[in-house]
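Since the structure comes first, as C-alpha cells, the remarks are kept for the end.
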Amino acid sequence: MSSLQPVRGTHDLLPDESMRHRWVEETAFAAARRYGYGEIVTPIFEFTDVFSRTLGDTSDVVTKEMYTFTDRSGESITLRPEGTAGVARAFISNGLAQSLPLKLFYRGPMFRHERPQKGRLRQFHQVGVELLGVESPVADVEVIALAWRVLSELGLGGKVRLEINTLGDSESRLAYRNTLTAYLSEFRSALSEDSRNRLDRNPLRVLDSKDEGDRRIVENAPPMGESLTPAAREFFEQVTSGLARLGIPFITNPRLVRGLDYYCHTAFEFTTTALGAQGTVLAGGRYDELIAQMGGPRTPGIGWAAGVERLSMLVEAVPSALRPISIIPMGDDLAAVAVAERLRRAGMVVDMGFSGNMKKRMARANKANARFAVILGEEEGARNAVTIRDLDTGLQDEVPLAMLEEHFGRLV
RNA sequence: GCGGGUGUAGCUCAGUUGGUUAGAGCGCCAGGUUGUGGUCCUGGAUGUCGUCGGUUCGAUUCCGAUCACUCGCCCCA
C-alpha cells in the first residue's frame, strides 16, 4: 500500500486544483512582466554548496530540511529548498553582471524535509522575483509594490497584512547583535529552552519567540532602531515613505526577523490569520552581500517569494474556464469528430464524448458546462445542416454545416 | 525534530457496549423519455472499516507498532 501512496508531504494536483495554482502563477507572472521582469528557469537541483554556503549554517533549512543525495558521479546534490540561491548562482555562472539592473521572475517546485501540515509540504511551489544590481531603496519600494499588486490582483488585499522591518547594514547588525546578546544574557535562565539555543546561534530570532515568558523579556529589550547607523536609518526611512507614497498599507514590526542568513536592510512579510501556524504567504528582503559571498562580483539584490499552495488556499474566485461547445453525434462519430476538429482549428473550445446515446451525451455536455450543443442528426444531415442548442435557454436552431464557424464566430 | 488528535464507499460522515448480510447524503451507473441536458421518480454498484501484528472461539470495534493526514511547537512560502 505504501508504494501506492505519494511520498509524505507530496501530493497530486488534479485539474481543478492545478487550475487554481496555474492562475496564481500566471497572475503573478503577468504582474511581474508589467514591472519589467523576465522569467528565469534554473534547475531544481544544484550542488549542495550552493545552498549550504548561502543560507547560513544556523538556518533550519540547511541544518535539517534539505533533500540531499549523492549522485552516480559521487557529487553531493540538493533539491532546491528556495529560489534565491539558484538565481544568484545562475547570475554568476552566466556573467550577468554585464546586464544590470536585472529583474527576474521564477516559479516552480521547492523541497524541504519538514513535518507536513496544512500549507506546509515537502514539495511545494513558489513564485518569486529578484531585482539585482540596485543599491537604492527605490528598488525595495518597487519590489514590495509588485508583491502588493500580485496579492491585490488575486483578491487577497483585504486578507493579508504587510509587516516590514530593517535589519540594518552589516555594521548596524553587528552592533545590535552585541547589545541584544548582552541584554538577553542577563535573562538567560529565564528564557525558554528554544530561546537559549537561539541566543547562542542567532540571537535576533529570540525577538519573535512565541513563548510568553520570552515575550515579556523581549518587550524591554533595546530596540534595533537605536543600533542603526544613520545611513541604515535613512535607507529604511526612504523605503517606508516610498510605500506610504504609493498608498500601500503596512505596519512596521521591529521584531520581524527573517530566517535565512543572507538578508540585510529591508525585511518584509505578508501574513494572514486564515492559515493557522502557516500564516506567512509572501516574504522577502534585501541581500546585498549574498552574491559576493558566493564568489561573484558584489551585487546588491532584493526579492521575495510566495507560496503557491498557501495563496491558492486563500483565493476565492478563480476566473472560470471558457465554456465549451459540445458535439453530439447521432450515429456517425467520425463525421462528428471532423466537425469538432473544424471548430477547434477555428480556435473554439470543443468537447465531444466517446460513447453513449444522445441522452447520455447531452448530460455530459451539461456537466462540462457547455454553452452550446451541436447536434448532428440524420434529418438535418440530409439537408447538410446541424441543430444548435443553446444550453442556457433551451432554444435551438438549424444551421447549415458550411456556416458553422461563422455562426459561432458571431456568438463569441 | 518534539507533543496532541484523527484514519469506515470517489467525497462528507454515521455506526458497531467485540458476534456472523457495515450504513446515510452527495457523486457514479442504469431505467422512466426509439433524436435532447440541467428538475423529478425508480432501481443498482461500490468498502481488504489505513497497514501489519497481538489478545480472543470470534476484531472494523480492544492493545501495540507502523504509515498518512491534521493541530500546536520549531522553522518557514
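In terms of our numbering, the first sequence opens at residue 481 and continues consecutively. In this text, a Cβ means the ideal position worked out from N, Cα and C, and glycines have one as well. Source: prediction; values computed, not measured.
| Check | Outcome |
| --- | --- |
| Backbone secondary structure at Lys847 - three-state DSSP | helix |
| Other residues of its chain near Met481: CB distance less than 7 Å, five sequence neighbours each side excluded | Residue confidence for Met481 is low, a pLDDT of 35 falling below 50, so the modelled location carries little weight; the figure read from the coordinates is stated next. Closer than 7 Å at the Cβ level, and outside the excluded window around Met481, lies no residue. |
| Assigned secondary structure, Thr779 (DSSP; H/G/I helix, E/B strand, else coil) | coil |
| Cβ-Cβ separation, Met774 to Arg533 (assumed contact under 8 Å), whole Å | 7 Å |
| Neighbourhood of Arg822 by C-beta, 7 Å cutoff - its chain only, sequence neighbours within 5 removed | Leu884 and Glu885 |
| Stretch-stretch touch, CB-based, cutoff 8 Å, three pairs: the region 605 to 621 with the region 575 to 594 | yes |
| Residues near Glu878 in its chain [Cβ-Cβ closer than 7 Å; skip 5 each side] | Glu860, Ala865 and Thr867 |
| Beta-carbon spacing of Val737, Arg685 below 8 Å | yes |
| Residue range of the alpha helix (DSSP H) that includes Ser806 | Here Ser806 belongs to no alpha helix (DSSP H); instead the beta strand (DSSP E) covers Ile805 to Pro809. |
| Beta-carbon gap between Ala757 and Leu626 smaller than 8 Å | no |
| For Gln876, the nearest candidate out of Ile855, Met810, Arg863 and Asp674 (CA to CA) | Ile855 |
| Run of the alpha helix (DSSP H) containing Ala508, from where it starts to where it stops | Pro495 to Arg514 |
| Which residues DSSP lists as bridging Ser556, in chain order | Thr550 |
| Within 8 Å, strictly: CB atoms of Ile782 and Ala577 | no |
| Residues bridged to Met883 [DSSP beta-bridge criterion] | BP columns for Met883 are empty, so no partner. |
| Spatially closest choice to Gln597 from Gly776, Val830, Thr873 and Leu755, by CA coordinates | Leu755 |
| Coarse secondary structure for Thr564, derived from DSSP in three states | helix |
| Glu789 in three-state terms, based on DSSP | helix |
| Burial state of Glu519, where buried means 16 or more other Cβ atoms lie within 10 Å | exposed |
| Closest by C-alpha distance to Phe730, when choosing among Leu493, Asp540, Glu643 and Gly637 | Glu643 |
| Closest Cα partner of Gly764 within the set Ala785, Pro777 and Thr753 | Ala785 |
| Asn574, buried or exposed, once every other Cβ within 10 Å from all chains shown has been counted against 16 | exposed |
| Residue of Glu796, Gly722 and Val630 minimising C-alpha distance to Thr507 | Val630 |
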